[in-house]
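A.B. asks: Residue numbers (our numbering): 1339 to 1492.
(1) Quick one: residues in its chain with C-beta nearer than 6 Å to the C-beta of residue 1369, no 5 flanking neighbours on either side, listed in chain order?
(2) Give me the Cα-Cα distance between residue 1360 and residue 1388, rounded to the nearest whole angstrom.
(3) Roughly how many angstroms separate the alpha carbons of residue 1347 and residue 1428, rounded to a whole number?
(4) Leaving out five residues on either side along the sequence, give the residues of the same chain with a beta carbon under 7 Å from the beta carbon of residue 1440.
(5) Between the Cα of residue 1437 and the Cα atoms of 1357, 1362, 1381 and 1425, which residue gives the shortest distance?
(6) Could you check where the alpha helix (DSSP H) with residue 1423 kicks off and where it finishes?
(7) Can you tell me the Cα-Cα spacing of residue 1358 and residue 1408, whole angstroms?
(8) To the nearest angstrom, how far is it from the Cα of residue 1385 to the Cα of residue 1392?
(9) Can you say whether residue 1350 is buried or exposed, counting buried as having 16 or more other CB atoms within 10 angstroms of its CB?
(10) Residues in its own chain within less than 7 Å of residue 1462 by CB, not counting five upstream and five downstream?
(11) If you follow the alpha helix (DSSP H) that residue 1377 is part of, which residue opens it and which one closes it?
(12) Among 1376, 1433 and 1403, whose alpha-carbon lies nearest the alpha-carbon of residue 1457?
Structure below.
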């Protein structure tokens, strides 16, 4: 998926259409972002099976903070490109740097899952809730017996 996305974005840039929204936001251009999300889901699933040691929590907390800082830096640079050259420059910059966003989204999702609770809550409150649900003991829920509808007799 990453190779397809890079090849498409290279083709868009070499054709000179990387300054147009239509060309830069087509599905092939974002396949690596999609793939990074799928890979993050697998990584989170694997991290959920590992013991959450203090070293692992500290390491992933640091990774989450670094990934968040990188995201802020990328968004700042995107904003600077927009200020300097308008919307066309924004599309061209995003087309050239979308792979960095994909890697950063992966790192932020995977690291945030196992990070210390205060880091998870600060970065995204719902990550803390998902972690709590996944860490909860698995119980078998039995459905309540079906009740007869009013007015119907068995």
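We put the CB at the ideal spot given by N, CA and C, even for glycine.
Source: prediction; values computed, not measured.
C.D. replies: According to the structure data:
(1) 1339, 1342 and 1343
(2) 43 Å
(3) 14 Å
(4) Closer than 7 Å at the Cβ level, and outside the excluded window around residue 1440, lie 1370, 1371 and 1374.
(5) 1362
(6) 1392 to 1452
(7) 26 Å
(8) 14 Å
(9) When all chains shown are included, residue 1350 counts as buried.
(10) 1450
(11) 1369 to 1387
(12) For residue 1457, the nearest C-alpha among the options comes from 1403.
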